[in-house]
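J.:
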Amino acid sequence: MAFTAFSTPTSTAAEPAVRKRSWIALVLLLPGILYLLLFFIAPLISLIFTSFQQPVIDGDIGQYSAGFQWQNYTDAVGQYLPLIFRAFGYAILATVFALVISYPMAYFIGVKMRRWPLAQSLLLTLVIAPFFISFLLRTLAWKQIFSDEGPVVPVLKALSVLPTDGHITGTPFAVVFGLTYNFIPFMTLPLYAVLERMDVRYIEAGADLYASPWTTFRKVTIPLSMPGIVSGTLLTFIPAAGDYINASNDFLGSSQTSMVGNAIEANFLVLQNYPIAAALSIVLMAVILIIVGIYVRRAGTEDLI
Amino acid sequence: MATGTFAEKGADLELVGIQKRFPGFTAIESLDLFIPEGSFFALLGPSGCGKTTTLRLVAGLEEPTAGRILIGGKDVTSTKPFQRPVNTVFQSYALFPHMTVLENVAFGLRRRSIASPVEKAHEALRLVELDHLAARKPGSLSGGQQQRVALARAIVNRPALLLLDEPLGALDLKLRRQMQLELKDIQTEVGLTFLHVTHDQEEAMTMADTIAVMNKGQIEQMGAPEELYELPRTAFVANFLGQSNLFTGQVSGTTPDALTVALGSASITVPVARAPRRSGTVTVGVRPEKLTLLTSAPVAEAGRNVLGSGRVVDVSFSGVSTQYVIAIPGAGDVVVFAQNMVFGPVVHVGAEVWVSWAVEHGFGLEDAPDEVAAGVHDAAVAAGLDDSGFDSEPALEKA
């Protein structure tokens, strides 16, 4: 779209006014284009090159030279396939939980509280309030809360919900919980933005046409809020799939809960196996692109005006 | 779920002691209303008079503060909107933007599991002449087309009671006339009960069997259009439904048939049967088209009222008729509508004229003298608002 903005007029040529406007469009777009070239396209190309590098024979650890080593990909996938699956599994779970938790919240703030704009702003502030504290700090706090000496575990043990030798930290539950918790604002805000603008008269029309509240919700409210659902789930799913904080040993996870992000981190920073790390990054990106592409197509948001 | 069926016929609507309060104001003070099955009933009033609130109460979209709502003799006060045998044509259309026109129309049928919803939806769309747009989304339709889809979406369900909230507001005059006739046809054909809310008195009079004129949360007068027009009971009705010349004076004489009201040196006679207040200060009136304009002093004649002489202060030509405003000492400004039987106005500003009308065309108001001014004022405000299009709501914006 950005390109058609200035390429279409040049094709119709002739008119100087249009030409001038397209020139202005180009100037306005230039910083963005430069930024993307410099900080996205260039690193991406570099990453792709890295992913094909080969070790320097008799070289130091972490020393690689340019090459075309396809094996890096098969090695990476072969070695880390469970982590890739786990990453997407956790990310999908966290996205679903975040949606289920956020939707009623966004609906309440955006629709039910319309008469009280002040309360609306206050509640929205509460939704984003956690951002005022560092993400790492909050995740560490959860680790404390869920630790064996923390307030939760002894209670659950007393209630026999948790076996006597059970833990919460280091389990998939803790990781998915952490992901859900950390990404809820990213889910809530786009949902709120859509629901807040939604005309409640559509809901009245649904009720008038014999649809029960539940049917109206399914047939009218959900489809109308689809743009918010799609952007919220993408904003949650994409970063959650690549996340390595929640699942890391130092936070809520353990070696049993490692996600692909942890593998990338370890290869880049600890093992200094840059080609494998780069290959994993590319694989992660490709899978996300494919999943998101299918999802957006299936969700059919382009139909929604 | 069992296969649904349509309502066999229209249903009565009865409102008993309805009151509706919102935080800060009372929309409806106390409303009792009975609409017999199969009738075309219009609630007519200026914006803010409580007519739309009444409609929303019947639809179940608002809950009354007090009172009961009965449809077909069944108390539905505490039931939810989707449980009521009622459909609404919303002023804002409220067509679902994510569905095609066809799916919009079929929506209600599907919810009630009516057999072959698609065919019935097409049928309803053919009725409003929009079947060729069945596959389109409402957003790509013009305002008038959307309104017709909204109409089709409601009538396709054959509700026992159809609620129409200013349904023709966005249509141009020609289409509006056409839709008025079509609506009336549908109503007669199917025998459903229609409750039509409008601020357009002409629309109400053309379409409805019975009109209730509402002002400030109360029904001022109810009756057949002709009855309401020819015998308005309050100053508000007299001036909101068409125009009226109103004269306030002391009753100076009564016979078994007629009441005479002194108006300065002149006097006006009104049939007793058409005058509810028969002593003290009363207000009587006559419609402007009932007046005859005379350029010479008429010979006194039994059965005719004469006022004059006065001076013509304004003449406005409107094609079919001409409106003259005549200042008559003691009686104030009198408006006369005269058919243009000849080319152009008969008299011009400044001419000396008399007006006369048949005694049986006069009417008396129920209003106490102090209520008259308020009624006239309300009607004038309502007319002013209508002219500025205040009541018309813009179409739903694209979501």
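Sequences listed follow chains C and H, in order.
So the first sequence is residues 211 to 515, counted in our numbering.
So the second sequence is residues 45 to 443, counted in our numbering.
Glycine included, C-beta positions come from ideal geometry on N, C-alpha and C.
Please read these numbers as outputs of a predicted model, since none were measured by experiment.
1) Would you call the stretch 383-398 of chain H in contact with the stretch 347-356 of chain H, where contact means no fewer than 3 C-beta pairs closer than 8 Å?
2) Is there a Cβ from chain C that is less than 9 Å from the Cβ of Lys124/H?
3) Counting along the chain, where does the alpha helix (DSSP H) carrying Thr97/H start and finish?
4) Listed from N- to C-terminal order along the chain, which residues in the stretch 413-442 of chain C have their beta-carbon within a distance smaller than 7 Å of any beta-carbon of chain H?
5) Tell whether a beta-carbon distance below 9 Å holds between Thr292/H and Thr304/H.
6) Which residues does DSSP pair with Tyr368/H in a beta bridge?
7) In chain C, what lies closer than 9 Å to Asn131/H by C-beta?
8) How far does the alpha helix (DSSP H) with Gln265/H in it extend, from its first residue to its last?
9) Can you check the stretch 45-95 of chain H for any beta strand (DSSP E) of at least 3 residues that lies completely inside it and give the ranges in chain order?
10) Would you report the Cα separation of Val502/C and Ser160/H, rounded to the nearest angstrom?
11) If we define contact as Cβ-Cβ less than 9 Å, is Pro373/H a contact residue for chain C?
12) For a quick check, are the C-beta atoms of Ile258/C and Ile492/C less than 9 Å apart?
13) For His240/H, report the span of its alpha helix (DSSP H) as first-last.
14) Starting from the beta carbon of Arg508/C, find every residue of chain H whose beta carbon is closer than 9 Å, and list them in chain order.
15) Do three or more CB pairs link the stretch 449-463 of chain C to the stretch 422-436 of chain C at distances below 8 Å?
16) What did DSSP end up calling Leu333/C once you bin it into helix, strand or coil?
17) List the DSSP bridge partners of Ser136/H.
18) Name the residue from Ala412/H, Val364/H, Val330/H, Phe407/H whose alpha carbon lies nearest to the alpha carbon of Val379/H.
19) Is it a yes or a no for the stretch 190-209 of chain H touching the stretch 230-243 of chain H, going by three-plus beta-carbon pairs under 8 Å?
20) Please report the distance separating the alpha-carbon of Val364/H from that of Val162/H.
21) For Ala423/H versus Ala279/H, is the C-beta distance shorter than 9 Å?
22) Give me the subset of the stretch 383-414 of chain C whose CB atoms are less than 8 Å from a CB atom of chain H, sorted by chain position.
23) Taking Cβ positions only, does Ala165/H come closer than 9 Å to chain C?
24) For chain C, is any of its Cβ atoms less than 9 Å away from the one on Leu105/H?
25) I want to see whether chain C comes within less than 9 Å of Asn259/H, judged by CB atoms only; does it?
26) Mapping the DSSP letters down to three states, classify Ala178/H as helix, strand or coil.
27) Cβ of Gly297/H less than 9 Å from any chain D Cβ?
28) Within 10 angstroms of its Cβ, does Glu490/H collect 16 or more other Cβ (buried), or is it exposed?
29) What is the DSSP secondary structure of Met258/H, reduced to helix, strand or coil?
30) Between Ala138/H and Glu406/C, which are expected to be in contact by the criterion C-beta below 8 Å, what is the C-beta distance as a whole number of angstroms?
31) Looking at Gly416/C: is its Cβ nearer than 9 Å to the Cβ of Phe134/H?
32) Please state whether DSSP places Gln264/C in a helix, a strand or coil.
33) When DSSP labels each residue in this structure, what does Tyr274/C get in the three-state scheme?
34) Buried or exposed for Lys118/H, going by 16 or more other Cβ atoms inside 10 Å?
35) So that I know if they touch, is there some Cβ in chain C lying closer than 9 Å to that of Asn349/H?
36) Of the choices Lys334/H, Lys95/H, Glu167/H, whose alpha-carbon is the least far from that of Lys64/H?
T.: Per the coordinate set shown:
1) Counting Cβ pairs under 8 Å, three or more are found: they touch.
2) One-based indexing of the second sequence puts residue 124/H at position 80. Cβ-Cβ to chain C under 9 Å: yes for Lys124/H.
3) Here residue 97/H is taken as the residue at index 53 of the second sequence, counted from 1. Segment 95-103, the alpha helix (DSSP H) holding Thr97/H.
4) Within the stretch 413-442 of chain C, the residues whose Cβ lies closer than 7 Å to some Cβ of chain H are Glu414, Ala415, Ala417, Asp418, Leu419, Tyr420, Ala421, Ser422, Thr425, Val430, Pro433, Leu434, listed in chain order.
5) In the second sequence, residue 292/H corresponds to position 248, counting from 1. In the second sequence, residue 304/H corresponds to position 260, counting from 1. In this structure, Thr292/H sits away from Thr304/H, with a CB-CB distance that is not shorter than 9 Å.
6) For the purposes of this step, residue 368/H is identified with residue 324 of the second sequence, where counting begins at 1. According to DSSP, Tyr368/H bridges with Val359/H, Val380/H.
7) Along the second sequence, read from residue 1 onward, the residue named residue 131/H stands at position 87. The answer, in chain order, is Asp418, Leu419, Tyr420.
8) In the second sequence, residue 265/H corresponds to position 221, counting from 1. That residue, Gln265/H, is in no alpha helix (DSSP H); its beta strand (DSSP E) goes 262-267.
9) Fully enclosed beta strand (DSSP E) runs of no fewer than 3 residues occupy 57-66, 69-79, 84-88 of the stretch 45-95 of chain H, in order along the chain.
10) Taking the first residue of the first sequence as 1, we reach residue 502/C at position 292. Taking the first residue of the second sequence as 1, we reach residue 160/H at position 116. Between Val502/C and Ser160/H, the alpha-carbon positions lie close to 38 Å from each other.
11) Sequence index remark: in the second sequence, residue 373/H carries index 329 (1-based). Chain C contact via Cβ: absent.
12) For the purposes of this step, residue 258/C is identified with residue 48 of the first sequence, where counting begins at 1. For the purposes of this step, residue 492/C is identified with residue 282 of the first sequence, where counting begins at 1. Yes, Cβ-Cβ distance for Ile258/C and Ile492/C is below 9 Å.
13) Along the second sequence, read from residue 1 onward, the residue named residue 240/H stands at position 196. Counting along the chain, His240/H falls outside any alpha helix (DSSP H), though it belongs to the beta strand (DSSP E) covering 237-242.
14) Sequence index remark: in the first sequence, residue 508/C carries index 298 (1-based). Per Cβ cutoff of 9 Å: no residues; Arg508/C is ~15 Å from chain H at best.
15) Between the stretch 449-463 of chain C and the stretch 422-436 of chain C, the count of Cβ pairs shorter than 8 Å is below three; the stretches do not touch.
16) For this step, residue 333/C is matched to residue 123 along the first sequence. When secondary structure is reduced to three states using DSSP, Leu333/C falls in the helix class.
17) Translated into the one-based positions of the second sequence, residue 136/H becomes position 92. DSSP lists no partner for Ser136/H.
18) Locating residue 379/H in the second sequence gives position 335, where the first residue counts as 1. Comparing Cα-Cα distances from Val379/H to each of Ala412/H, Val364/H, Val330/H, Phe407/H, the minimum goes to Val330/H.
19) Contact holds: three or more Cβ-Cβ distances are below 8 Å.
20) As a position in the second sequence, residue 364/H is number 320, starting the count at 1. As a position in the second sequence, residue 162/H is number 118, starting the count at 1. Cα-Cα distance, rounded: 47 Å.
21) For the purposes of this step, residue 423/H is taken as the residue at position 379 of the second sequence. For the purposes of this step, residue 279/H is taken as the residue at position 235 of the second sequence. Taking the C-beta atoms as reference points, Ala279/H is found nearer than 9 Å to Ala423/H.
22) Per Cβ criterion, the list reads Arg407, Met408, Asp409, Arg411, Tyr412, Glu414.
23) As a working mapping, residue 165/H is identified with position 121 in the second sequence. Taking Cβ atoms only, chain C never reaches closer than 9 Å to Ala165/H, which makes this a no.
24) Walking along the second sequence from the start, residue 105/H turns up at place 61. Answer yes: the Cβ-Cβ gap between Leu105/H and chain C drops below 9 Å somewhere.
25) Along the second sequence, one-based indexing puts residue 259/H at 215. Not closer than 9 Å to any Cβ of chain C, the Cβ of Asn259/H fails to qualify, so no.
26) Within the second sequence, numbered from 1, the residue matching residue 178/H stands at position 134. In the three-state DSSP reduction, Ala178/H falls in the coil class, being neither helix nor strand.
27) Absent from the structure is chain D; the protein chains it does hold are C and H.
28) Since the first residue shown for chain H is 45 and the last is 443, residue 490/H is missing from the structure and cannot be characterised.
29) Along the second sequence, one-based indexing puts residue 258/H at 214. In the structure shown, Met258/H sits in a strand (DSSP, three-state: E or B).
30) Numbered from 1 along the second sequence, position 94 holds the residue referred to as residue 138/H. Numbered from 1 along the first sequence, position 196 holds the residue referred to as residue 406/C. About 18 Å separates the Cβ atoms of Ala138/H and Glu406/C, ruling out a contact at the 8 Å cut-off.
31) Within the first sequence, residue 416/C is the residue found at index 206, counting from 1. Within the second sequence, residue 134/H is the residue found at index 90, counting from 1. Not closer than 9 Å, so no.
32) Residue mapping note: residue 264/C aligns to position 54 of the first sequence, counting from 1. Note: Gln264/C maps to strand in three-state DSSP.
33) As a position in the first sequence, residue 274/C is number 64, starting the count at 1. In the three-state DSSP reduction, Tyr274/C falls in the strand class (E or B).
34) As a working note, residue 118/H is residue 74 in the second sequence. It counts as exposed.
35) On the second sequence, residue 349/H is found 305 positions in, with the first residue counted as 1. No - not a single Cβ of chain C is within 9 Å of the one on Asn349/H.
36) Numbered from 1 along the second sequence, position 20 holds the residue referred to as residue 64/H. Ranking Lys334/H, Lys95/H, Glu167/H by Cα distance to Lys64/H puts Lys95/H first.
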